[in-house]
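What follows is a short report on a single structure.
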Amino acid sequence: MTSTLRPPPPAPPRSPQAAQSPAPRSPRRGRSWRQALRRDWQLYSLAILPLLFFLVFRYLPMIGNIIAFRRFKPGGSIFGEYWVGLRYFRMFLNDPTFWEVFTNTLVLGTLTLLFCFPLPIVLALLLNEVRARRFKRFVQSVSYLPHFLSIVIVAAMVMQLTSIEGTANQIVSLFGGDPVAFLQKPEWFRTIYVSSEVWQTVGWGTILYLAALTTVDEDLYEAARIDGAGRLRQTWHVTLPGIRPTMVTLLILNIGSFLAVGFEKILLLYNPLTYPTADVVSTYLFRMGFQSSNFSYAAAIGLFEAVIGLILVLSANVISRRTVGTSLW
Amino acid sequence: MTLGTKVDAPKTRGPVDSRGYRIFRVVNTVVLLGVVVVTLYPFLNIVARSLSEEAYIIAGEVTVVPRGFDLTAYKLLMSDAMFWTNYRNTVVYTVVATLISIVLTTCYAYVLSKPQLKGRPFLIGVALFTMFFSGGLIPNYVLVTSLGMKNTIWAVVIPNAISVFNLLVMKAFFESLPSELEEAAAVDGLNTYGILLRIVLPLSKAIIATMVLFYAVSFWNSWFAAFLYMDRQDLLPVTVYLRNLIAGATSAESAAADADKVQAAATLQAVTIVLTTLPILAVYPFVQRFFVRGVMLGAVKG
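Protein chains in written order, with full-length UniProt numbering: chain X, 1 to 329; chain A, 1 to 302.
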């Protein structure tokens, strides 16, 4: 029962436990906030301004969403005048325009996801097969370029290309068609939106995939070759699984921004004629807020949109962790 | 033919390429060249338009070569004082905003990169959560206006001062620095500020350059904040100048106006696009590599 007698026999079974139990009890872990502050106060002081930024410009607006439940008068208290409960939520759920813009959002979001998610992977795979380094670098440099342009410039370019005398109509008349005012036609808006989105984002999207491709183990290709796999099979069985974590991460992020479809671009490109296909939740919210000055109503729509976005990203994350084993956190 | 293949063979890794793969490589090159053409065409088209005579544009004859070389629109825009005021605003906003952003991001990223810091998960969580949930347009607008930032530069530069993505990239970089250097400096009597300024920052020139570029481009390109918070034309950045130009030219009222005006608008738009894009295009070849490295850094560790 003395300390000298005991150790020998129970030592082996104890050691795994011993390794675990002292850790939480170590003095480091138990250090109090006062000690931490005294030791690291200079570090904490560096965090004050950024924290203030997050508090004021990120978290205060979250709380500011309270005006979705209260009557807000422009110029009045930023938290509104009095409670109206879920009135504004009921209002937009019964608003036929809301459901129209909600559908448009889903359609545009789905189309964007359908094209803007896989195409960078395809382009990265194609680039990966190029052996001439200079040519590869040239294609990459060119394809990144549109990413650096302002949305305004992209919108202006789209307008020029689709104008009556623009390139799109030059092609139309080449095939003997009559000029079309593309941006005035609701049936063309989705095509124009998605293709300009692809034009601007695809090259940039390849960067991460190209980085991921360089980390795929060469030995796996060797092994696949020995097993008789051709290039296509090597791509399917080695390359794609190799970049799967990157794919999943980007997919989750894309899903998270699913509802926030290019608000700024749509705002620049749409007009009352194309509302039937172009008007999305965020542009409707913008008009409600700033043209109709119905701030509480617009805030309710915004809150609804943000909550759905959060739910989407959380569930995408959970699903991918359960099925693929990759997640954002 | 057979001889050629035999000579080429040792250059390729592994066994000789199959016939199918050789065909694929040809097709691949053609496809990638197609991507290049499609990407560059809009740029060339705009430049050609900006240098063309209006009559040719209206006739739909301008593709990538200027027709009836004409600099009138350039002269017209160059003589517009408001364009230059707005251009100068863009420069000022970009410089001030980038400076603020860099300072705030560097400070926070440095703090987050210290694994022994108590409360670090909380500090990271504060930033991360804002990536997935935001207050939304209306509460932000109400906040900024009630802070009295309307029609001031602050409405443009402060509310977007920290990008969480950039923060994570920078944090990853700081974490990759050898901690021994900082420990040695601490032993030599430097405090945290001294270590950051004299040891860490000089070692971080590459990442700071990347961050400057990331922020500068995003502020240079931004338009919505100014559009929302500024009523006075002399405060607008050039992106909003361009926005007003294209919004005006497409609305029905100006189409009904005299034909000359509409015709001039097409060239004028092209010129404005060219002049607004020019600075980006001018620095692009030099900074492109930085961007790529920055994004990859964030991807690997973030």
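Where a beta carbon is used, it is the ideal one built from N, C-alpha and C, also for glycine.
Just so you know, these numbers come straight off a predicted model, no measurement behind them.
May I have the straight-line CA-CA distance separating X:Lys-185 from X:Leu-273, to the nearest angstrom? 7 angstroms
Just the chain X side, please: which residues come within less than 7 angstroms of A:Gln-233 by C-beta, in chain order? Correct list: empty, because the minimum Cβ distance to chain X is about 16 angstroms.
Using a Cβ distance threshold of 8 angstroms, determine whether the region 203 to 214 of chain A contacts the region 282 to 297 of chain A, with at least three qualifying pairs required. yes
Own chain residues within Cβ distance below 7 angstroms of X:Ala-168, not counting five before or after: Leu-161, Thr-162, Phe-182
Express the C-alpha separation of A:Phe-174 and A:Phe-202 in angstroms, rounding to a whole number. The question names Phe, yet the displayed sequence has Pro at residue 202 of chain A. So the two alpha carbons sit approximately 12 angstroms from each other.
Let me check understanding here. Comparing Cα to Cα, which of X:Ala-156, X:Pro-245, X:Gln-234 lies closest to A:Val-274? X:Ala-156
Using a C-beta to C-beta distance shorter than 9 angstroms, which residues of chain X count as neighbours of A:Ala-161? Pro-50, Phe-53, Phe-57
With a threshold of 8 angstroms between beta-carbons, can X:Pro-245 be considered close to chain A, or not? no
Can you tell me whether X:Arg-87 is helix, strand or coil according to DSSP? helix
Closer than 9 angstroms between beta carbons: that is the criterion. Which residues of the region 304 to 320 of chain X meet it against chain D? Reference to chain D is not applicable here, since the protein chains of this structure are X and A.
Where A:Glu-180 falls, given that 16 or more other Cβ within 10 Å makes a residue buried: exposed
Measure the alpha-carbon distance for residue 378 of chain X versus A:Val-103 and round it to whole angstroms. Outside the displayed range of chain X (1 to 329) lies residue 378 of chain X, so it cannot be described from this structure.
Contact check, X:Phe-304 vs X:Phe-79, beta carbons under 8 angstroms: no
Helix, strand or coil: how does DSSP classify A:Arg-289 here? helix
Supposed contact pair A:Leu-112 and A:Ile-124 - C-beta distance, whole angstroms, cut 8 angstroms: 6 angstroms
At what residues does the alpha helix (DSSP H) containing A:Ser-101 begin and finish? 81 to 112
Please report the straight-line C-alpha distance between A:Ala-256 and X:Leu-86, rounded to a whole angstrom. Here A:Ala-256 scores only 41 on pLDDT, less than 50, and its place in the model should not be relied on; the value that follows carries that caveat. Spanning the two alpha carbons is a distance of roughly 45 angstroms.
Which value, in whole angstroms, describes the spacing of the CA atoms of A:Met-78 and A:Trp-84? 8 angstroms
Can you find the residues in the same chain that come closer than 8 angstroms, C-beta to C-beta, to A:Asn-45, ignoring five residues on each side of it along the sequence? Val-62, Thr-63, Val-64
Mapping DSSP to helix, strand and coil, what is X:Tyr-82? strand
Can you find a C-beta in chain A that's less than 8 angstroms from the C-beta of X:Trp-99? no
Please go through the same chain and pick out, in chain order, the residues whose beta-carbon is closer than 7 angstroms to the beta-carbon of X:Lys-136, but skip the five residues on each side of it. Leu-127, Val-130
For A:Pro-139, would you say it is in contact with chain X, using Cβ-to-Cβ distances shorter than 8 angstroms as the test? yes
Work out the CA separation of X:Ala-124 and X:Ala-260 for me, nearest whole Å. 26 angstroms
Where does A:Glu-182 land, buried or exposed, given buried means 16+ other C-beta within 10 angstroms? buried
Proximity to A:Leu-168 [Cα-Cα], best of A:Phe-129, A:Arg-198, A:Ser-134: A:Phe-129
X:Leu-310 to X:Asn-65 span [Cα, whole Å]: 15 angstroms
Under a Cβ-count criterion, where at least 16 other Cβ atoms within 10 Å of its own Cβ denotes burial, should A:Arg-49 be classed as buried or exposed? buried
For X:Pro-50, report the span of its alpha helix (DSSP H) as first-last. 33 to 54
Extent of the continuous alpha helix (DSSP H) to which A:Ser-179 belongs: 179 to 187
Bridge partner(s) assigned by DSSP for X:Arg-70: X:Trp-83
Cut-off 8 angstroms between Cβ atoms - residues of its own chain near A:Gly-194, not counting five sequence neighbours on either side: Ala-185
Who are the near neighbours of residue 376 of chain X in its chain, counting only those whose CB is closer than 6 angstroms to its CB and skipping five residues on each side? The question about residue 376 of chain X has no answer here: the residues shown for chain X are numbered 1 through 329.
Can you grab the Cα-Cα spacing for the pair X:Asn-254 / A:Val-37, in whole Å? 27 angstroms
If we cut at 8 angstroms on Cβ distances, does A:Asn-89 have a partner in chain X? no
Just checking: is the beta-carbon of A:Ile-46 within a distance shorter than 8 angstroms of some beta-carbon in chain X? yes
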